[in-house]
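Here the numbering used here is used: the first residue of the sequence shown is 56, the next is one more, and so on.
All C-beta atoms in this analysis are idealised placements derived from N, C-alpha and C, irrespective of residue type, glycine included.
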Amino acid sequence: MPWPAVKALDRRTPVVIPLAALEQHGRHMPVFTDSLLCAEVLRRAKPALAGRVLFAPLMWLGNSEHHLDFPGSMSASPRVYLDLLRDMAENFLSHGFSRIVFVNGHGGNIVPAQQATFELRQKYRKTAGQLLLSTTYWTAGADPVRDVPGLHQNQMGHACEWETSMILKIAPHLVAVDLAAVPDVPFGKSFEPAHRAWVMPDRSEAGHIGFPQHATPEKGEALFNVFSTAVVALLERGIAWDGRAWDA
Numbered sequence: 056m057p058w059p060a061v062k063a064l065d066r067r068t069p070v071v072i073p074l075a076a077l078e079q080h081g082r083h084m085p086v087f088t089d090s091l092l093c094a095e096v097l098r099r100a101k102p103a104l105a106g107r108v109l110f111a112p113l114m115w116l117g118n119s120e121h122h123l124d125f126p127g128s129m130s131a132s133p134r135v136y137l138d139l140l141r142d143m144a145e146n147f148l149s150h151g152f153s154r155i156v157f158v159n160g161h162g163g164n165i166v167p168a169q170q171a172t173f174e175l176r177q178k179y180r181k182t183a184g185q186l187l188l189s190t191t192y193w194t195a196g197a198d199p200v201r202d203v204p205g206l207h208q209n210q211m212g213h214a215c216e217w218e219t220s221m222i223l224k225i226a227p228h229l230v231a232v233d234l235a236a237v238p239d240v241p242f243g244k245s246f247e248p249a250h251r252a253w254v255m256p257d258r259s260e261a262g263h264i265g266f267p268q269h270a271t272p273e274k275g276e277a278l279f280n281v282f283s284t285a286v287v288a289l290l291e292r293g294i295a296w297d298g299r300a301w302d303a
C-alpha cells in the first residue's frame, strides 16, 4: 500500500503486527518454522477480514535467546526485543491508529509482547479508546484437542506433533529426516505450578519437545483451520469493540 492509502484508513481499523522467529526446530525441521506457520495462519485469516484490518509485514526476528546453543538460531536480546515491539506499535499510535494487535507465533515472544502493550498503555494512559492486544495463534481461542482427531499432544510444543504436522501440510520438503526415527521428548512438569526459567538444552538434546513422529499433513490442515478461525474471531471482536467497554 502507498502511504496515502494507509492515511485514508479509519483510525479504528485494527492493525495486526505478526511476530515470529528464526530459530532451531530440532534435527528434522527448518529454522524458519515459526515464521512459516504464523504467516500461513494469517494468510488463511485474511480473506474473512479483507478491508477491515491492516496487516503489517511479519517480524521474523524474535526473542530466541533460549535456542542460541543451536547453530542457525537468531535472536534479539530480550530487552532489545521488547523495545523493538514497543517502537513498532508506537509507530501506528503516532499516526493515530488506536487498535493494535500483536499476533504471535513463537513462545519466547509472549512475555515481551505482553509487556510492550502494558508499557504503551501506561504511557498513553490519558488517551481514551485504545485497544492494545497481544495474542499467540495457538492460544487465541482454538481448542485443537477437541476439534482435531487423533492428536497425541494436548498442548503446543516445539518442532512437535502440531508444528511438524503443519509444516508437512505446507512444505513437506522441508522436513529433513524420517519422522519415525525422531524420539518423543515429554513435556515434563518443570516445577509447576512455579514457572521455571530454562534454555533448550535443559529440556532436549535434539532441540524438539513433543511427539513429532505422530505428525501428518491431515492434522496440519485441521490445525491451520482451527487456529485461523480463532484468530479471525478475535479480530472480529477488535473490529466490533465500541471503544469504551472493558469486556468485549
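For residue i, the first and last residue of its enclosing beta strand (DSSP E)
{"i": "R292", "result": "No beta strand (DSSP E) holds R292; the alpha helix (DSSP H) holding it covers 272-295."}
{"i": "T191", "result": "186-191"}
Beta carbon of residue i nearer than 7 Å to that of residue j
{"i": "H122", "j": "Q79", "result": "yes"}
{"i": "P85", "j": "L229", "result": "yes"}
{"i": "A171", "j": "I155", "result": "no"}
{"i": "L290", "j": "V108", "result": "yes"}
{"i": "L106", "j": "A261", "result": "In the sequence as displayed, the identity of residue 106 is Gly instead of Leu. For G106 and A261, no; Cβs fall outside 7 Å."}
{"i": "H269", "j": "E218", "result": "no"}
{"i": "A197", "j": "A285", "result": "yes"}
{"i": "L140", "j": "P167", "result": "yes"}
{"i": "D202", "j": "V281", "result": "yes"}
{"i": "M129", "j": "L64", "result": "no"}
{"i": "H263", "j": "A214", "result": "yes"}
{"i": "V70", "j": "F152", "result": "yes"}
{"i": "H161", "j": "G127", "result": "no"}
{"i": "E174", "j": "K224", "result": "no"}
Nearest-angstrom Cα separation, counted from residue j out to residue i
{"i": "L234", "j": "K181", "result": "54 Å"}
{"i": "G212", "j": "L137", "result": "23 Å"}
{"i": "W301", "j": "F147", "result": "22 Å"}
{"i": "A195", "j": "F157", "result": "11 Å"}
{"i": "L113", "j": "S90", "result": "8 Å"}
{"i": "P199", "j": "R66", "result": "34 Å"}
{"i": "S220", "j": "F266", "result": "11 Å"}
{"i": "D257", "j": "L186", "result": "37 Å"}
{"i": "G184", "j": "G298", "result": "5 Å"}
{"i": "F279", "j": "A295", "result": "24 Å"}
{"i": "T271", "j": "Y179", "result": "46 Å"}
{"i": "W193", "j": "L92", "result": "11 Å"}
{"i": "N164", "j": "S132", "result": "11 Å"}
{"i": "E247", "j": "V254", "result": "17 Å"}
{"i": "N159", "j": "R134", "result": "17 Å"}
{"i": "G142", "j": "G293", "result": "Residue identity differs from the one stated: residue 142 is Asp in this sequence, not Gly. Straight-line Cα distance between these residues: approximately 21 Å."}
{"i": "A303", "j": "E273", "result": "34 Å"}
{"i": "S119", "j": "T88", "result": "13 Å"}
Opening and closing residue of the alpha helix (DSSP H) in which residue i lies
{"i": "N159", "result": "N159 -> not in any alpha helix (DSSP H); beta strand (DSSP E) instead, spanning 154-159."}
{"i": "S220", "result": "216-225"}
{"i": "P256", "result": "255-258"}
{"i": "Q208", "result": "Q208 -> no alpha helix (DSSP H), and no H or E assigned at all."}
{"i": "T88", "result": "88-104"}
{"i": "L175", "result": "165-178"}
{"i": "K62", "result": "58-62"}
{"i": "D202", "result": "199-202"}
Bridge partners - residue i, DSSP secondary structure assignment
{"i": "H263", "result": "Answer is none; H263 lacks a bridge partner."}
{"i": "I72", "result": "F157"}
{"i": "F110", "result": "V71"}
{"i": "V240", "result": "G265"}
{"i": "L77", "result": "M129"}
{"i": "H150", "result": "Its beta-bridge partners do not exist; DSSP assigns none."}
{"i": "M84", "result": "H80"}
{"i": "H213", "result": "I264"}
Proximity test, Cβ basis, 7 Å: residue i and chain B
{"i": "V287", "result": "Absence of chain B from the displayed structure is noted, only one protein chain being present."}
| task | Examine the Cβ distances between the region 85-100 and the region 241-260 and report whether three or more of them are shorter than 8 Å. | result | no
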